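There are 2 protein chains.
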Amino acid sequence: MVQAAALPRNETGIKTALDLLKQRFGERMQTGAAIREQHGHTTTWIETQAPDAVLFPESTEEVAEIVRVCAAHKVPVIPFGTGTSLEGHVNAPAGGVSVDMARMNRILAVNAQDLDCVVQPGVTREDLNTHLRDQGLFFPIDPGANASLGGMAATRASGTNAVRYGTMKDNVIALEAVMPDGEIIRTAQRAKKTSAGYDLTRLLVGSEGTLGLITELTLRLQGIPEAITAARCSFPSVDAASQAVMMTIQYGIPVARIELLDEVSVKAANAYSKLDLPETPLLLLEFHGSEAGAAEQAETFGAIAEEFGGSDFKATGTTEERNALWQARHDMYWASMGIRPGAKGMSTDVCVPISNLATCVTQAQARAAELGFPAPVVGHVGDGNFHMLLLIDMESAAETARAEDFIGWLNDLAISLDGTCTGEHGIGQGKMPYLAKELGPATRYMRAIKAAIDPDNIMNPGKIF
Amino acid sequence: MVQAAALPRNETGIKTALDLLKQRFGERMQTGAAIREQHGHTTTWIETQAPDAVLFPESTEEVAEIVRVCAAHKVPVIPFGTGTSLEGHVNAPAGGVSVDMARMNRILAVNAQDLDCVVQPGVTREDLNTHLRDQGLFFPIDPGANASLGGMAATRASGTNAVRYGTMKDNVIALEAVMPDGEIIRTAQRAKKTSAGYDLTRLLVGSEGTLGLITELTLRLQGIPEAITAARCSFPSVDAASQAVMMTIQYGIPVARIELLDEVSVKAANAYSKLDLPETPLLLLEFHGSEAGAAEQAETFGAIAEEFGGSDFKATGTTEERNALWQARHDMYWASMGIRPGAKGMSTDVCVPISNLATCVTQAQARAAELGFPAPVVGHVGDGNFHMLLLIDMESAAETARAEDFIGWLNDLAISLDGTCTGEHGIGQGKMPYLAKELGPATRYMRAIKAAIDPDNIMNPGKIF
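Line by line, the protein sequences give chains Y and U.
Going left to right, the first sequence walks through residues 266 to 730 as this note's numbering numbers them.
Going left to right, the second sequence walks through residues 266 to 730 as this note's numbering numbers them.
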């Protein structure tokens, strides 16, 4: 495990605030060790830093009350959705209170005519999609985990179908948030576009809880496509697969998903999901459209793939076959774990211009081969984003150090290829040094914004900066 | 004409800075009355407030030099693209220097494989598209005017095909900017997506020159579609047309343009463009896709339109007929002027959720009928955004007052319908009071950001706030 730096604790403030909050929230404030540990625990290699208390507000006004008490006593406030973030976002390095949004889980409005909805931050993406299905609508952002929508906005999440539908930045119309002084703001109206002042919506999206607590989201929705076609195709190399991806996108094929599994991942998938895929780089795709449109997209892709040595191309419009295909992709985490039972996974998240993707993946694979532990690759390659899952023995300081060293090297490589150290996981505690390397002087203005909006640094301190 | 408030001038600072800048820039600093007036003149009803000098930098470093001199002497800096903004954005209410980006007009890179390009801010959208055509690429944002890309980013411009391709916020990948202290920053790398820190790209997009000067833009490009089909259809009412638009979008038809002309606009178009359109509300559309795809989209729309009483539906795939159709739309400004020769146009810019569009347009038309001057409507209805062009005699104080009063009423109506006072023109000098009405407490945090980044308020003072 890796230990993030602890920050100075304001013991007096924390004690006073906890007393006041206990009076106000009673059983909806919890201080037991287990629940505190659970709220500092992330699906990550960073060690738990538990908060001093966990609060369960049920309304925006209650969130504002919590923040006002914490602001008055300079106590850290850490928002908590489902705890699936990967960079230590919910840790409490200076203590303070975790604000668990689980009870703020109401879908407040679905405006089918406008293709939007208004939800509380604790609603998960699966809950929302279940609710929407009967109306023929869906929310397209799918980061894999059944994350809360507030958390997804806070980390600027994306996932497998960002190539067509964009990331959270593209799918949040407006936010309600409680700011560090306890003020409740709305960042925009519900209209589809606006030029009214600074884009506070996009400033809060990806701010990782460091500027305010999201208490309501207005989200863009999509109509469920008439037809969905899935496809897979094997390639002789990552380079060939990347060339096919680039050509597909240049052709303007509005591919909904285009995912890469490298040979290590394919082997793992074959073993775990009892498949018989050729053990070379694989692309998994999905096309959305009318019956004719989706079929035409798949056909055009098939022709492109052939040009780049693609083989074993299979397209299917049936729900069953499609589900089987994506099940293998969704199970990749468990399949990868199967390569080295008992190991823990550390995930990288670099994202580069797509023309640099093959270079980045190939170099990463070459170097990973010397690490002494497996490192399968899966990638949202339509966006140039890929994850290497380093399967390490966390008890081994040597392995952890090699993994950390490798991640640093890969982040630097991505930055040198005009890319970023994080395509979708965020900075959190884990990537702070790389943010500075990546954006240099720009981070000074990020800090200025943070200081202006949260002068006492009570909002999720120790993250991003 | 409407006079925006003048702000206190820092005479000593301005004199000192102008002396220093003259020594450095020689003939590339101009102080003649004509050129200064031209740089304070906007295509707007707000009176000119000329800057004290106009500078023509040729590089980012030169922009930084200008800003450093102005920062040292607390002198306003106002960026200038092509002067086509509509809300007094280039006015100099406190004097200072206009920084004309005309000579920063180089296309620095086109990365066809990545569907992106890097340009200087003075490149206009038509220049860029001419340059891209041979490579089968285009930049989709079209605000009508041949604006500079820097200006389009600064005002968060959009226009006719935002319904499919989004606004400038969706099509800027990264910016280089000179900040108020003269520091040069890059807001992001060239990768398609990122979760690295605060979204300074989206903060600068739409900041109207108040936080920094954009000196370079990395933009998303699109492949020119294989087929483009245009269509038109007449409707018995604005409500019927709006219903058809909503259904089209709910069906997931990826319409590229869907524009409304009300009956007054259609009459004007018939007269100006020698057409014979039914004088009822009209929708103009464009579909992008494969040959089969674009045709299928048009056909599906035709069926939807019929359901809502649409008549005289015509679709065409030929370039000639398509151009004729859109020429009429592009000539609407001149056609409208023809309704009342000698009048000047004041444009509104409200944007509402599409389900409220018919209500908003219909109420606006009813009230406009009592104004005593014509007010044709054109609208980017796929986004719920429409413009009423108030054709007034600017010499008449009574008409100007009635127009101002009407615009205020319409902005309030849009806000009450969950919409915004500005879908794409920006706040500038003209809409400051409505920003506060629209977003209330949120504007306090906008001001805090402004004060943190530009403590001396030298960047385009008197705009937005």
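Idealized CB from N, CA, C, for every residue including glycine.
Quick caveat, the model's predicted, so the values are computed rather than measured.
Item to complete: Let me know the secondary structure DSSP gives Ser413/Y once reduced to three states.
Response: Position 148 of the first sequence, counted from the first residue, corresponds to residue 413/Y. If DSSP states are grouped into helix, strand and coil, Ser413/Y belongs with the strands.
Worksheet entry | Spatial distance of Asn436/Y from Ile680/U (CA atoms) | Taking the first sequence and counting its residues from 1, the one referred to as residue 436/Y is at position 171. Taking the second sequence and counting its residues from 1, the one referred to as residue 680/U is at position 415. Computed Cα separation, rounded: 21 Å.
Item to complete: List the residues of chain U whose Cβ lies closer than 9 Å to the Cβ of Glu689/Y, in chain order.
Response: By one-based count along the first sequence, residue 689/Y stands at place 424. Under the 9 Å cutoff, chain U gives Lys458, Thr459 and Ser460.
Discussion item. Here's the rule I'm using: 16 or more other beta-carbon atoms within 10 Å means buried, otherwise exposed. How should Pro344/U be labelled?
Written reply: Within the second sequence, the letter at position 79 stands for residue 344/U. Looking at its Cβ environment, which holds 16 or more other Cβ atoms inside 10 Å, Pro344/U is buried.
Item to complete: For Ala427/Y, return the contacting residues in chain U, with the cut-off set at a CB-CB distance below 7 Å.
Response: What you label residue 427/Y is simply residue 162 of the first sequence in a count that begins at 1. Residues of chain U with a Cβ closer than 7 Å to the Cβ of Ala427/Y are, in chain order, Lys458.
Discussion item. Starting from Ala629/Y, trace the alpha helix (DSSP H) in both directions and tell me its first and last residue.
Written reply: As a working mapping, residue 629/Y is identified with position 364 in the first sequence. From DSSP, the alpha helix (DSSP H) with Ala629/Y extends over Leu622 to Ala633.
Worksheet item: In whole angstroms, what separates the C-alpha of Glu610/Y from that of Ser507/Y?
Response: As a first step, residue 610/Y must be located in the first sequence, where it is residue number 345. As a first step, residue 507/Y must be located in the first sequence, where it is residue number 242. Checking the displayed sequence, the identity of residue 610/Y turns out to be Gly instead of Glu. Cα to Cα, Gly610/Y sits roughly 25 Å from Ser507/Y.
Fill in: Alpha carbon of Asn426/U to alpha carbon of Ile406/U, nearest angstrom
In the second sequence, residue 426/U corresponds to position 161, counting from 1. In the second sequence, residue 406/U corresponds to position 141, counting from 1. Rounded to the nearest angstrom, the two C-alpha atoms are 7 Å apart.
Worksheet entry | DSSP-derived helix/strand/coil call for Asp721/U | By 1-based counting over the second sequence, the position of residue 721/U is 456. In the structure shown, Asp721/U sits in coil (DSSP, three-state: anything other than H, G, I, E or B).
Worksheet item: Just to confirm, are Thr513/Y and Phe552/Y a CB contact at a threshold of 8 Å?
Response: Translated into the one-based positions of the first sequence, residue 513/Y becomes position 248. Translated into the one-based positions of the first sequence, residue 552/Y becomes position 287. Not a contact, by the Cβ cut-off of 8 Å.
Item to complete: Name the two residues that bound the continuous beta strand (DSSP E) containing Phe345/U.
Response: In the second sequence, residue 345/U corresponds to position 80, counting from 1. Taken as a continuous stretch (DSSP letters only), the beta strand (DSSP E) holding Phe345/U covers Val342 to Phe345.
Item to complete: Look at Ala717/U and Ala717/Y and say whether their C-beta atoms are less than 8 Å apart.
Response: Sequence index remark: in the second sequence, residue 717/U carries index 452 (1-based). Sequence index remark: in the first sequence, residue 717/Y carries index 452 (1-based). Ala717/Y is positioned such that its CB atom lies closer than 8 Å to that of Ala717/U.
Worksheet item: Beta carbon of Phe500/Y, beta carbon of Phe573/Y: below 8 Å?
Response: Here residue 500/Y is taken as the residue at index 235 of the first sequence, counted from 1. Here residue 573/Y is taken as the residue at index 308 of the first sequence, counted from 1. In this structure, Phe573/Y lies closer than 8 Å to Phe500/Y by Cβ.
Worksheet item: Under 9 Å Cβ-Cβ, which residues of chain Y neighbour Leu700/U?
Response: For the purposes of this step, residue 700/U is identified with residue 435 of the second sequence, where counting begins at 1. Neighbours of Leu700/U on chain Y, chain order: Ala461 and Gly462.
Worksheet item: CA-CA distance, Asn621/U and Gly673/U?
Response: Along the second sequence, read from residue 1 onward, the residue named residue 621/U stands at position 356. Along the second sequence, read from residue 1 onward, the residue named residue 673/U stands at position 408. Approximately 18 Å, taken between the alpha carbons.
Worksheet item: Would a check of beta-carbon distances place Val340/U closer than 8 Å to chain Y?
Response: Residue numbering aside, residue 340/U sits at position 75 when the second sequence is read from its first letter. Chain Y contact via Cβ: absent.
Worksheet entry | Nearest-angstrom Cα separation, counted from Ala631/Y out to Gln400/Y | For this step, residue 400/Y is matched to residue 135 along the first sequence. For this step, residue 631/Y is matched to residue 366 along the first sequence. One C-alpha to the other measures close to 48 Å.
Item to complete: Kindly indicate which residue of Glu528/Y, Gly691/Y and Met697/Y has the alpha-carbon position closest to the one of Met417/Y.
Response: If you number the first sequence from 1, residue 417/Y lands on position 152. Measuring from the Cα of Met417/Y, the nearest candidate turns out to be Gly691/Y.
Worksheet entry | CB contact below 8 Å: Thr708/U versus chain Y | Taking the first residue of the second sequence as 1, we reach residue 708/U at position 443. By this cut-off, Thr708/U is an interface position.
Item to complete: For Arg390/Y, count neighbouring Cβ atoms within 10 angstroms of its own Cβ and tell me buried if that reaches 16, exposed if not.
Response: Along the first sequence, read from residue 1 onward, the residue named residue 390/Y stands at position 125. Arg390/Y should be labelled buried.
Fill in: Residues that DSSP places opposite His652/U in a beta bridge
Locating residue 652/U in the second sequence gives position 387, where the first residue counts as 1. Paired residue(s): Val643/U.
Fill in: Where the beta strand (DSSP E) containing Ala442/Y begins and where it ends
Along the first sequence, one-based indexing puts residue 442/Y at 177. Residues Val437 to Val443.
Worksheet entry | Assigned secondary structure, Asp236/U (DSSP; H/G/I helix, E/B strand, else coil) | Because residue 236/U is not part of the residues shown, which for chain U are 266 to 730, the question remains open.
Worksheet entry | Local conformation of Phe290/Y per DSSP, three classes | By 1-based counting over the first sequence, the position of residue 290/Y is 25. Note: Phe290/Y maps to helix in three-state DSSP.
Discussion item. To the nearest angstrom, how far is the alpha carbon of Glu689/Y from that of Glu323/U?
Written reply: The residue given as residue 689/Y occupies position 424 in the first sequence. The residue given as residue 323/U occupies position 58 in the second sequence. Taking the straight line joining both Cα atoms gives about 36 Å.
Fill in: His304/Y versus Pro386/Y - alpha carbon distance
For the purposes of this step, residue 304/Y is identified with residue 39 of the first sequence, where counting begins at 1. For the purposes of this step, residue 386/Y is identified with residue 121 of the first sequence, where counting begins at 1. If I take the Cα positions, the gap works out to 16 Å.
Worksheet item: Would you report the Cα separation of Ile449/U and Thr432/Y, rounded to the nearest angstrom?
Response: Numbered from its first residue, the second sequence carries residue 449/U at position 184. Numbered from its first residue, the first sequence carries residue 432/Y at position 167. Going from the Cα of Ile449/U to the Cα of Thr432/Y covers about 27 Å.
Worksheet item: In chain order, what residues of the same chain lie with their CB nearer than 6 Å to the CB of Arg368/U, ignoring the 5 residues before and after it?
Response: Translated into positions along the second sequence, residue 368/U becomes position 103. Residues of the same chain with a CB within less than 6 Å of the CB of Arg368/U, apart from the 5 flanking positions on each side, are Phe321 and Glu323 in chain order.
Discussion item. With the cut-off set at 8 Å, would you say Ala509/Y and Gly649/U are in Cβ contact?
Written reply: Start at 1 with the first residue of the first sequence, and residue 509/Y comes out as number 244. Start at 1 with the first residue of the second sequence, and residue 649/U comes out as number 384. The answer is no: Cβ separation not under 8 Å.
Worksheet entry | Within 8 Å, strictly: CB atoms of Phe638/Y and Arg605/Y | Counted from its first residue, the first sequence places residue 638/Y at position 373. Counted from its first residue, the first sequence places residue 605/Y at position 340. Going by C-beta atoms, Phe638/Y is nearer than 8 Å to Arg605/Y.
Item to complete: Going by DSSP, name the residue or residues bridged to Met611/Y.
Response: In the first sequence, residue 611/Y corresponds to position 346, counting from 1. DSSP, once it has assigned bridges, lists Leu655/Y as partnering Met611/Y.
Fill in: Cβ-based burial, Gly607/U [other Cβ within 10 Å; buried from 16]
Start at 1 with the first residue of the second sequence, and residue 607/U comes out as number 342. Per the 10 Å Cβ criterion, exposed.
Worksheet item: By DSSP, does Phe578/U sit in helix, in strand, or in coil?
Response: Position 313 of the second sequence holds residue 578/U. Phe578/U: strand per DSSP, three-state reduction.
Discussion item. Here's the rule I'm using: 16 or more other beta-carbon atoms within 10 Å means buried, otherwise exposed. How should Asn588/Y be labelled?
Written reply: Walking along the first sequence from the start, residue 588/Y turns up at place 323. Asn588/Y is exposed by the Cβ-count criterion.
Practice prompt. Run down chain U in chain order and give the residues with a C-beta less than 7 Å from the C-beta of Pro490/Y.
Written response: If you number the first sequence from 1, residue 490/Y lands on position 225. Within 7 Å Cβ-Cβ: Gly517.
Worksheet item: Looking at the structure shown, is Glu544/U part of a helix, part of a strand, or coil, going by DSSP?
Response: Position 279 of the second sequence, counting from 1, holds the residue named residue 544/U. Note: Glu544/U maps to coil in three-state DSSP.
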